[in-house]
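Colleague: Residue numbers (our numbering), protein chains in the order written: chain R, 3 to 339; chain E, 3 to 339; chain A, 3 to 339; chain G, 3 to 339.
The beta-carbon is built from N, C-alpha and C at its ideal position, and this holds for glycine as well.
Keep in mind the model is a prediction, meaning the values are calculated, not measured.
My questions will all concern the structure given below.
4 protein chains.
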Amino acid sequence: MILTLKSGVSKKGIDDVVRQIKKLKLKAHLSQGTEKVIIGVIGPNAAIHREIFEGLEAIEAITAISKPYKLVSREFKKSDTIFNVRGVKIGGPAITLIAGPCSVDKKESLFEIANAVKQAGAQILRGGAFKPRTSPYQFQGHGYKALRWLQQTRQMTRLPIITEVMDPRHVSTVARYADILQIGARNAQNFFLLKEVGKAKKPVMLKRGMAMTIEEWLLAAEYIAAHGNHEIIMCERGIRTYETATRFTLDLNAVPLLKQLTHLPVFVDPSHGVGVRELIPAMARAAVAAGADGLIVEVHRSPTEALSDGHQALLPAQFAQMVGELRKVAAALGRTL
Amino acid sequence: MILTLKSGVSKKGIDDVVRQIKKLKLKAHLSQGTEKVIIGVIGPNAAIHREIFEGLEAIEAITAISKPYKLVSREFKKSDTIFNVRGVKIGGPAITLIAGPCSVDKKESLFEIANAVKQAGAQILRGGAFKPRTSPYQFQGHGYKALRWLQQTRQMTRLPIITEVMDPRHVSTVARYADILQIGARNAQNFFLLKEVGKAKKPVMLKRGMAMTIEEWLLAAEYIAAHGNHEIIMCERGIRTYETATRFTLDLNAVPLLKQLTHLPVFVDPSHGVGVRELIPAMARAAVAAGADGLIVEVHRSPTEALSDGHQALLPAQFAQMVGELRKVAAALGRTL
Amino acid sequence: MILTLKSGVSKKGIDDVVRQIKKLKLKAHLSQGTEKVIIGVIGPNAAIHREIFEGLEAIEAITAISKPYKLVSREFKKSDTIFNVRGVKIGGPAITLIAGPCSVDKKESLFEIANAVKQAGAQILRGGAFKPRTSPYQFQGHGYKALRWLQQTRQMTRLPIITEVMDPRHVSTVARYADILQIGARNAQNFFLLKEVGKAKKPVMLKRGMAMTIEEWLLAAEYIAAHGNHEIIMCERGIRTYETATRFTLDLNAVPLLKQLTHLPVFVDPSHGVGVRELIPAMARAAVAAGADGLIVEVHRSPTEALSDGHQALLPAQFAQMVGELRKVAAALGRTL
Amino acid sequence: MILTLKSGVSKKGIDDVVRQIKKLKLKAHLSQGTEKVIIGVIGPNAAIHREIFEGLEAIEAITAISKPYKLVSREFKKSDTIFNVRGVKIGGPAITLIAGPCSVDKKESLFEIANAVKQAGAQILRGGAFKPRTSPYQFQGHGYKALRWLQQTRQMTRLPIITEVMDPRHVSTVARYADILQIGARNAQNFFLLKEVGKAKKPVMLKRGMAMTIEEWLLAAEYIAAHGNHEIIMCERGIRTYETATRFTLDLNAVPLLKQLTHLPVFVDPSHGVGVRELIPAMARAAVAAGADGLIVEVHRSPTEALSDGHQALLPAQFAQMVGELRKVAAALGRTL
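Shown next as structure tokens:
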């Protein structure tokens, strides 16, 4: 249920409404726009208390939310969510480009790649410190050491950093280093982890689980929002289908669909979604043309030496060429990159 | 096995090679380029006769084809296949736009839609005469009557027409009316139908079966090519996955992948691949950005009255607006539309 | 809409009802039980004529059918459909066992396998004359020659035969040789073929398409029934999923579900549904335990020499051992085999 | 790499081998059989040290493990793993029956259900304390309170208990109450959770992720084994496919396949794998016939009042009837239940 408050409502007027919500053991989610204050009233059976709110002076309108997800739905908030990560605007007309190695393997090569992708136009650096690997005998990431390397690389390049967090016990530490916390596909319904990043003070990129419906994905985002964190990026990264010629099937249908259903920014990861180096630039262009607000792409100096997923990393030169093409596609659609 | 003949080989030299191929009970597929003549030698165990061909005077080089599909593979023919349908070039740098109603329901409305899509930029008219319907109680198409209406519409609008053929017994008749024969997703492995259109003298659009791998799809195209028809359009139209928010999952990964594996033109059908009207323009743009050589789109004057699939038809005005956007994306990639 | 006629209704009473149905341009499907006569009234908007039938003397009750499939639904006919194939009862408490080679490759080996599977307990012989093959360069079956071999084998062994028909033009000829016509997975929505076997006077086994929902499958069966052929076997043979360790994913959920939704007999093909020889007996047992009315299994004397699908054929001795186990499972459930 | 030690090897001989393994920074996994001692040598590139082990006196044979999973593979251990949970033998010829409510909602009803399923033949009680729910607004389980209720129910009924653990921070506490720790489908690749239960001293049931291949699943089990816990139950619970008539597609192919690939016990959860009450008994029978070593089934007194998944819970009377049928199927296969 959404309460739209009257224009010019006083601080006390807002507080009264919030107090009433809490009295009913419901949760209040405030969204203060430039003109209007709206409050999401969330909880089981919130709707049955509608009449109580109808009686409150400060309230202009009450709207039901028909979807099972509430705070992340377009019904709750009509305008696109835009937020700022160390000066990089996420979710607005400018398309955001995130690039870097799959996993952080050496400090020196991280520096090099960071410089290369920055020069090519990337605005945020990706790099895995904790890596979810199918086998316990595969390289699991350099962990905290890699976080420090990422931090040093940020100092040098001024690129904000995004890195994956896999364990609820790591969230507060990773959040100290990272500018965006990434939830990977295999943890997209790891609900205690979602709750924990919901309490963190850093934006979260939520990758789609490989067999997750759009509705389940939005409900996973709702877990994060319901715990207080509204700065969420939805990232399509391919779903699992019967097709084996590509690593996953990149579901670009999800992009315009999500733009309709949610106010959150929608990104695409063509590296995982295709998994074949030569095809990635074409699908990055397609993602932009479908309306994606950003891309996250794997880049490596010498993909054959990468400790994970080398076959899907672009070389810096390929990345730079791709950015040039993406800029043209973005411009054709009235966006920048 | 591919035989590349020496430059300037005589007619007799070619005939000798072909005679030798037939003597071995193999099939010869001639491809006469501007500079070179190449011959595909197709048949079980063709490779074991390599030595015989090595001895022939006219032959410059012999190359094995590693893929299970031969004639449709890039290995067989490096340059893109381009062909002409009543003046419309398919497969070249210009992107082809096919539009029209799902099924032909009334003659008058067909005229109207044809005029509307032509004006908006479509170069070929689509319209179903024989309709594959899930239920025997659904409208099955107006059949031969609809073919005559399509013919009349072509006379009026000069738009070439594409229509589906579902039964091997119909192929010769449908081929008399249609400019392109369409094989639908449900018949993509109807091998006797594939053989029959392989013998027809009209280009064929082969839609992807809804659970078909890329390799199976190329092998289905190979059925057509092996029976003599080399003018084939591959058309991605969405695959069946667990996701239910869209009708199918449009697999755009298939576009750059096919461009790598085959010399045939690659089209996309966003109408079936998404199945939700509002999302179709975004996915049409994405298809073009991914490298599609053409699009086939459903347009209807009053979708709610359509006898099939109205929910995924664009209104003529929506179509016209979409074409404008597509032109910008095409131009950004150095193509025209 | 189902019309239940009064007990003891006269021939004339029935004719009157049928005449009325035809007058409304609807189709009448008569089902004459031992006690009651029921008539399925099928056609677009059949339900709007309900009142006309309410006025007819001969009619006891009128029932709507809620499912999109009508004649094949349990609503239309509560008791299991049982029919007779040269003395073999299909659909009753006795479980039917069909076995034989994937494709008929040599006459002698067909004889041998037929004798072996008969001795082991098979009641019907399978063998492909026309083979749907992914590649045009694979063995396509011996066609009419193989049909004659099957006929001779029947004369010798008294085993009725089932074989696949792929082309509507072949139906009448194949029906002269075969006792059951098989529609393969790739043709499960080849609607003109379904219509043609619907007019044939032989029972039809309808395999599930590899991406077909249960409802689509029942609607495909409805195509056959609506054209007059009510002797249909539904055969689950595995669906296509992301799992690659087995050839397909055998969906045994379909067995109890179909028994609920339709009165038709439900068979299982574990050979295609698993595709790995060693695992087939376990899944054949599971199919019987799930309630299957029959099995169709590939058996070959020397699987490595088979011209198709040798890796999933059981050796005659393995088949015989499996039958012994299946008999125990059947007995445990109060059925025979 | 597996080292088989000579018969009658001394304690010191074993210790020498283990010391050598550790010196190479590899891990030693000891498996002491009645006749032989075998040691799994696990680590990246373990195989390159083969020669060092060939020189050791105590070693009889060295075998490579070809699969990516090692400790859980049949290659590592040929005989079935059998273990004991408070007197209930898991993995042997007797089939284990686990039953109980989806989530523990009230103490009294838990007592009642526990008594009912015990009387009907269940040997272990299931009940969710922490529930993974798609929406943050659904009932999330009674948590620690429910664990205490489960403990009290065990005191009363003597039924060992299994319950899900979702957060690595909960493992040690849940392990104090539960006899078996359950890892749910959504956490099947939550690697830090897997590592944590790998260190716990309680058996683990690892449900299959809903888009997990058999190989990925065995590698997830390997995570648990590699951290020291070898008492693992693999539980098939349905995979996600395009079919929507059932909740998931129960992949019984996985049962005989896993029995071939791993020595671990294989269970089936027909409740989630089908999701439709009426169809569950048939699929439970099929699971036993396919070779499952156990079943886990949801039972509820009044499914319509259940706080989660009521539509797939059996009533106690239905459960009791099903057990009777399962006993017959088990007996037919030479097993008990």
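Give a yes or no on whether the minimum CB-CB distance between M212(G) and chain R is below 7 Å.
Modeller: Closer than 7 Å to some Cβ of chain R, the Cβ of M212(G) qualifies, so yes.
Colleague: Once the 5 residues before and after F113(R) are set aside, which same chain residues still bring their CB inside 7 Å of it?
Modeller: Within the same chain, and ignoring the five residues on either side of F113(R) in sequence, the residues whose Cβ sits closer than 7 Å to its Cβ are T155 and M158.
Colleague: Below 9 Å between beta carbons is the criterion; list the residues of the region 251 to 262 of chain R that meet it against any residue of chain E, in chain order.
Modeller: T251, L252, D253, L254, N255, A256, V257, P258, L259, K261 and Q262
Colleague: Along chain G, which residues have their Cβ under 9 Å away from the Cβ of L247(A)?
Modeller: The amino acid at residue 247(A) is misidentified as Leu; the sequence shows Ala. T215, I216, E217, N255, A256, L259 and L263, listed in chain order.
Colleague: Is P258(G) closer than 7 Å to A284(A) when the C-beta atoms are compared?
Modeller: Cβ atoms of A284(A) and P258(G): closer than 7 Å.
Colleague: Helix, strand or coil: how does DSSP classify V276(A) here?
Modeller: helix
Colleague: Closer than 7 Å, CB to CB, is M168(A) near chain E or not?
Modeller: yes
Colleague: Using a C-beta to C-beta distance shorter than 9 Å, which residues of chain G count as neighbours of T136(E)?
Modeller: The contacting residues do not exist; T136(E) stays about 14 Å from chain G at best.
Colleague: Anything in chain A within Cβ reach of Q191(E), meaning under 7 Å, just list it in chain order.
Modeller: P134 and R188
Colleague: Is the beta carbon of L309(R) sitting closer than 7 Å to the one on S105(R)?
Modeller: Going by C-beta atoms, L309(R) is nearer than 7 Å to S105(R).
Colleague: By a C-beta neighbour count over all protein chains shown, 10 Å radius and 16 as the cutoff for buried, is K204(R) buried or exposed?
Modeller: Per the 10 Å Cβ criterion, buried.
Colleague: Report the residue ranges of all alpha helix (DSSP H) runs contained in full by the region 222 to 274 of chain G; include only those spanning at least 4 residues, in chain order.
Modeller: Taking 4 residues as the minimum length, the alpha helix (DSSP H) runs contained wholly in the region 222 to 274 of chain G are 256 to 263, in order along the chain.
Colleague: Would a C-beta distance cut-off of 7 Å place E218(R) and P138(G) closer than the cut-off?
Modeller: no
Colleague: Decide yes or no for the touch test of the region 140 to 147 of chain A against the region 92 to 104 of chain A: beta carbon pairs closer than 8 Å, at least 3 of them.
Modeller: no
Colleague: Give me the Cα-Cα distance between T338(R) and G296(R), rounded to the nearest whole angstrom.
Modeller: 11 Å
Colleague: For the alpha helix (DSSP H) that K108(G) lies in, which residues bound it at each end?
Modeller: Careful: K108(G) lies outside any alpha helix (DSSP H) and carries neither H nor E.
Colleague: Which runs of the beta strand (DSSP E) fall wholly inside the region 91 to 163 of chain R and span at least 3 residues, in chain order?
Modeller: 98 to 102 and 126 to 128
Colleague: Helix, strand or coil, according to DSSP, for I16(E) in the structure here?
Modeller: helix
Colleague: If you measure between the beta carbons of A60(A) and V20(A), is that distance less than 7 Å?
Modeller: no
Colleague: When you compare each of N189(G), L149(G), I164(G) and P162(G) to T175(G) by their alpha carbons, which one comes out closest?
Modeller: The shortest C-alpha separation from T175(G) is found at L149(G).
Colleague: Which whole-angstrom value is the C-beta distance of L254(G) and V276(G), which I expect to be below 8 Å?
Modeller: L254(G) to V276(G), Cβ: 11 Å. No contact.
Colleague: Can the beta-carbon of Y244(E) be found closer than 7 Å to that of Y179(G)?
Modeller: no
Colleague: Nearest chain R C-beta to A294(E) closer than 7 Å, yes or no?
Modeller: no
Colleague: From the DSSP output, read off the bridge partner residues of M324(A).
Modeller: Answer by DSSP bridge pairing: none, since M324(A) is not bridged.
Colleague: Examine chain G for any beta-carbon lying closer than 7 Å to the beta-carbon of Y71(E), and answer yes or no.
Modeller: no
Colleague: Does the beta carbon of E238(R) sit closer than 7 Å to a beta carbon anywhere in chain D?
Modeller: The chain inventory of the structure shown lacks chain D, comprising the protein chains R, E, A and G.
Colleague: Which residues in chain G have a C-beta closer than 7 Å to the C-beta of R287(A)? List them in chain order.
Modeller: A291 and A292
Colleague: Would you check if the region 60 to 69 of chain G and the region 234 to 242 of chain G touch, i.e. whether three or more CB-CB distances between them fall below 8 Å?
Modeller: no
Colleague: If you follow the beta strand (DSSP E) that M207(G) is part of, which residue opens it and which one closes it?
Modeller: V206 to K209
Colleague: Please classify E280(R): is it buried, with 16 or more other beta-carbons within 10 angstroms of its beta-carbon, or exposed?
Modeller: exposed
Colleague: Nearest to V278(R) by CA position, among E300(R), P305(R), H313(R) and T306(R), is which residue?
Modeller: Ranked by Cα distance from V278(R), the first of E300(R), P305(R), H313(R) and T306(R) is H313(R).
Colleague: Does chain E have any CB closer than 7 Å to the CB of Y244(G)?
Modeller: Yes - at least one Cβ of chain E is within 7 Å of the one on Y244(G).
Colleague: What number of angstroms, rounded off, separates the C-alpha of P272(E) from the C-alpha of I41(G)?
Modeller: 57 Å
Colleague: Would you mind stating whether R188(R) and Q191(G) have Cβ atoms separated by less than 7 Å?
Modeller: yes
Colleague: From what residue to what residue does the alpha helix (DSSP H) around F78(R) run?
Modeller: Counting along the chain, F78(R) falls outside any alpha helix (DSSP H), and DSSP gives it neither H nor E.
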